[in-house]
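**Student:**
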Amino acid sequence: MLDLKLVREHTEQVRAAIRRRGAELDLREFLALDEKRRSTQQELEALRRKRNEVSEEIGRLKKAGKPAEDKVAEMRAEGDAITALENAGRETEEAQRNILLMIPNLPHASVPDGKDEADNVEIRRWSPQGGELPKFSFEPKPHWDIAAYLDIIDFDRAAKITGARFALYKGMGARLERALINFMLDLHTTEHGYLEVLPPFMVNRDSMITTGNLPKFEEDLFKVENGAYYLIPTAEVPVTNIFRDEVLPEESLPVLYTAYTPCFRREAGSYGKDTRGLIRQHQFNKVELVKFAKPEDSYDELEKLTRNAEEALRRLGLAYRVIALCAGDLGFSAAKTYDIEVWLPAQNKYREISSCSNFEDFQARRGNIRYKPKGGKKTEFLHTLNGSGLAVGRAVVAILENFQQPDGSVVIPEVLRPYMGGAERIVRRASRVESLKS
RNA sequence: GGAGAGGUGGCCGAGUGGUUGAAGGCGGCAGACUCGAAAUCUGUUGUGGGGGUAACUCCACCGGGGGUUCAAAUCCCUCCCUCUCCGCCA
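What follows is the structure, encoded as structure tokens:
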């Protein structure tokens, strides 16, 4: 949420910043409501002041045993006027807030111009081959073929159990997923200074509003039918909301949290996209990094957070590149975002495996998350950041595709072996229940 | 699911419907005392919003929302949360 005063007093700058995103902002209604709200408030306060004064006088008169009937009668009428104004004021305020909640964040000055992903800017790339893409002596297979051969992921039976876009992991597949989660959590907690948290996987509406998932993107979310809860689309939501409506002491910043959670997304509007395999699922696992930082530090923290996520890929030996999203490709709440894309040889392209963003005070304002500067008297909104560290399902995809062997087996990255009972590769099991379509 | 108790300032805790933004205590801050510290004493100490160059002033806020009343922390309704007992349950 943008600062009300900023929108009111620097309307043109706000409009120009939103235009960089490729959106046109009509603020006429907003500004009209703002004026109405403020005049109503002043009128209301004058009436309330009068009521306070007269009521006090009535109290004094009664105490002195004097009659106060005429004053009481006078105020009786005023009361209705106050109630009417209160209602009007509330409505105006709510209408104005609803508009404000629908306005996206302003892109940071360092965000490149552009209208869609084609205009994103590559920042750097890395691979275990010193920047070169990995080479194969054979045609690399897509991960769903590898997984089927190894019988480690069963999409057909997952579809029977639940529906499309779900996966049933089996054997070393399930173990690989679990190994990745543990590896990443251990990396971020023991080497990068994050505290592990395990939050609820369902949240209330207020939490979704804080992060910007509501009110605008309800169609992306699963809502629990019996109750007002939503399944989280990312750990960003519950973890960012840990400090909703709180004031943190400056000394505690930055606060660094990492969380493993499953993530649930409707993927509305993505029909036909990535229909095969693990890339796009309604439920997937992710290890998330979340930071609460002082405003002056937040961009340094974004660089560090991105590096922390990259480190997981480096240790796994997976080629990747980092791109800066252009203004037009930026998510609703973000002021700046780096995407980390991992190389997938079967698709012959880089695919997003992490998205690292600085939200500045956009989420903090929506969730009323503040800090108290040491010298200063006033509490201020802090900055929130987060990034995937990493998307686990997509890491499985990358491992299967990058480390597949001519014989159909898959070599397990060394850093994961301690988490997989020392196994060095995933091979086809001798004893299997055949797949549905064989 | 049933029965009960409770939610007040950073924390603890009081509060007959009428100078209560809220006693008292703790904590914090400033000052005095001290070479310094502790102890002690004095003062000060919530948030948000409106108006004013400023001194200052006004409005709101005692879990959320609604109501009764000239006037609500105090009465009523409702929702949320916490705790205790019983039942059920991983």
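Under the working numbering, the first residue of the first sequence carries the number 282, and numbering increases by one thereafter. Just so you know, even glycine gets a beta-carbon here, dropped at the ideal spot from N, CA and C.
On the CB-based measure, 16 or more other CB atoms within 10 Å of its CB, does MET465 come out buried or exposed?
**Tutor:** Numbered from its first residue, the first sequence carries residue 465 at position 184. Per the 10 Å Cβ criterion, buried.
**Student:** I'd like to confirm the pairing. Which residues does DSSP put opposite LEU495 in its beta bridges?
**Tutor:** Sequence index remark: in the first sequence, residue 495 carries index 214 (1-based). Bridge partners of LEU495: none, in fact.
**Student:** How would you write the range of the alpha helix (DSSP H) that LEU570 sits in, first residue to last?
**Tutor:** By 1-based counting over the first sequence, the position of residue 570 is 289. Unbroken run through LEU570 is the beta strand (DSSP E), 564 to 574; no alpha helix (DSSP H).
**Student:** Can you name, in chain order, every residue of its own chain whose Cβ lies under 8 Å from the Cβ of ARG318, other than the five neighbours on each side?
**Tutor:** For this step, residue 318 is matched to residue 37 along the first sequence. Hits under 8 Å: GLY370, THR373, GLU374 and GLN377.
**Student:** Do the stretch 595 to 609 and the stretch 385 to 401 make contact, defined as three or more Cβ pairs closer than 8 Å?
**Tutor:** The answer is yes - the stretch 385 to 401 touches the stretch 595 to 609, with three or more Cβ pairs under 8 Å.
**Student:** Report the three-state DSSP secondary structure of ALA545 (helix, strand or coil).
**Tutor:** Translated into positions along the first sequence, residue 545 becomes position 264. Note that residue 545 is Phe in the sequence shown here, rather than Ala. In this structure, PHE545 counts as strand in the three-state DSSP scheme.
**Student:** According to DSSP, is LYS331 helix, strand or coil?
**Tutor:** Position 50 of the first sequence, counted from the first residue, corresponds to residue 331. DSSP places LYS331 in helix when its eight states are reduced to three.
**Student:** Ends of the alpha helix (DSSP H) at PRO519?
**Tutor:** Locating residue 519 in the first sequence gives position 238, where the first residue counts as 1. First-last of the alpha helix (DSSP H) with PRO519: 517 to 521.
**Student:** Going by the DSSP bridge assignment, what does CYS637 pair with across the sheet?
**Tutor:** Here residue 637 refers to the residue found at position 356 when the first sequence is read from its first residue. Answer is TYR619 and GLY668.
**Student:** So what's THR539 in DSSP terms, helix, strand or just coil?
**Tutor:** The residue you call residue 539 lines up with position 258 of the first sequence. Three-state result, THR539: strand.
**Student:** If you compare alpha carbons, which of LEU586, ASP432 and LEU534 is closest to ARG713?
**Tutor:** Along the first sequence, one-based indexing puts residue 713 at 432. Checking every option, the nearest Cα to that of ARG713 belongs to ASP432.
**Student:** Please classify GLU345 as buried or exposed, where buried requires at least 16 neighbouring CB atoms within 10 angstroms.
**Tutor:** Residue mapping note: residue 345 aligns to position 64 of the first sequence, counting from 1. As written in the sequence, residue 345 is Ala, which differs from the Glu given in the question. Per the 10 Å Cβ criterion, exposed.
**Student:** ILE693 by DSSP, collapsed to three states: which one?
**Tutor:** What you label residue 693 is simply residue 412 of the first sequence in a count that begins at 1. ILE693: coil per DSSP, three-state reduction.
**Student:** Tell me which residues share the same chain as VAL696 and place their Cβ nearer than 7 Å to its Cβ, disregarding the 5 neighbours each side in the sequence.
**Tutor:** The sequence position of residue 696 within the first sequence is 415, counting from 1. The answer, listed in chain order, is PHE464, ARG596 and LEU597.
**Student:** Take the Cβ of MET282 as the centre, count every other Cβ of all protein chains shown within 10 Å, and call the residue buried at 16 or more, exposed below.
**Tutor:** Here residue 282 refers to the residue found at position 1 when the first sequence is read from its first residue. Answer is buried; the Cβ neighbour count reaches 16.
**Student:** So, under 8 Å CB-CB, GLU590 and ILE621 are touching, yes? Tell me the CB distance rounded to an integer number of Å.
**Tutor:** For the purposes of this step, residue 590 is taken as the residue at position 309 of the first sequence. For the purposes of this step, residue 621 is taken as the residue at position 340 of the first sequence. Checking the displayed sequence, the identity of residue 590 turns out to be Ala instead of Glu. Confirmed, about 6 Å.
**Student:** Can you tell me where the beta strand (DSSP E) with ARG405 in it begins and where it stops?
**Tutor:** Numbered from its first residue, the first sequence carries residue 405 at position 124. Here the beta strand (DSSP E) through ARG405 covers 402 to 407.
**Student:** Would you tell me roughly how many angstroms separate the C-alpha atoms of GLY360 and ALA445, rounded to the nearest one?
**Tutor:** One-based indexing of the first sequence puts residue 360 at position 79. One-based indexing of the first sequence puts residue 445 at position 164. C-alpha separation (whole angstroms): 59 Å.
**Student:** Taking all protein chains shown into account, decide if LEU476 is buried (16 or more other Cβ within 10 angstroms of its Cβ) or exposed.
**Tutor:** Here residue 476 refers to the residue found at position 195 when the first sequence is read from its first residue. That one is exposed.
**Student:** Tell me whether the stretch 326 to 334 and the stretch 282 to 291 touch, counting them as touching only if at least three CB pairs, one residue from each stretch, are closer than 8 Å.
**Tutor:** Cβ pair count under 8 Å is below three, so no.
**Student:** Using a Cβ-Cβ cut-off of 8 Å (strictly less than) and excluding sequence neighbours within five positions of ASN485, which residues of its own chain qualify?
**Tutor:** Taking the first residue of the first sequence as position 1, residue 485 is located at position 204. Cβ neighbours of ASN485 beyond the five flanking positions: ALA509, TYR510 and TYR511.
**Student:** Relative to the C-alpha of ILE404, which candidate in LYS343, ARG588, THR321 and VAL505 has its C-alpha closest?
**Tutor:** By 1-based counting over the first sequence, the position of residue 404 is 123. For the residues LYS343, ARG588, THR321 and VAL505, the minimum Cα distance to ILE404 belongs to ARG588.
**Student:** Is LEU625 helix, strand or coil when you go by DSSP?
**Tutor:** As a first step, residue 625 is located in the first sequence; it is residue number 344 there, counting from the start. Correct three-state label for LEU625: strand.
**Student:** Using DSSP with H/G/I as helix, E/B as strand and the rest coil, what is PRO530?
**Tutor:** As a first step, residue 530 is located in the first sequence; it is residue number 249 there, counting from the start. Note: PRO530 maps to strand in three-state DSSP.
**Student:** Round the Cβ separation of LYS497 and PHE613 to the nearest angstrom and send it over; I've been treating them as touching at under 8 Å.
**Tutor:** Taking the first sequence and counting its residues from 1, one reaches residue 497 at position 216. Taking the first sequence and counting its residues from 1, one reaches residue 613 at position 332. Confirmed, about 7 Å.
**Student:** Closest by CA to LYS575, which one among LYS343, ARG651 and ASP688?
**Tutor:** Taking the first sequence and counting its residues from 1, one reaches residue 575 at position 294. It is ARG651.
**Student:** Roughly how many angstroms separate the alpha carbons of ALA676 and GLU324, rounded to a whole number?
**Tutor:** Here residue 676 is taken as the residue at index 395 of the first sequence, counted from 1. Here residue 324 is taken as the residue at index 43 of the first sequence, counted from 1. When rounded, the distance between both Cα atoms is 60 Å.
**Student:** Below 6 Å CB to CB, which residues in the same chain sit around VAL678 once its five sequence neighbours on both sides are set aside?
**Tutor:** The sequence position of residue 678 within the first sequence is 397, counting from 1. Excluding positions up to five away in sequence, the list reads HIS424 and LEU559.
**Student:** Taking the C-alpha atoms as reference points, what is the distance between ARG341 and LEU366?
**Tutor:** As a working note, residue 341 is residue 60 in the first sequence. As a working note, residue 366 is residue 85 in the first sequence. Cα to Cα, the separation comes out at about 28 Å.
**Student:** Quick one: what does DSSP say TYR580 is sitting in, helix, strand or coil?
**Tutor:** Numbered from 1 along the first sequence, position 299 holds the residue referred to as residue 580. Looking at TYR580 - three-state DSSP - the assignment turns out to be helix.
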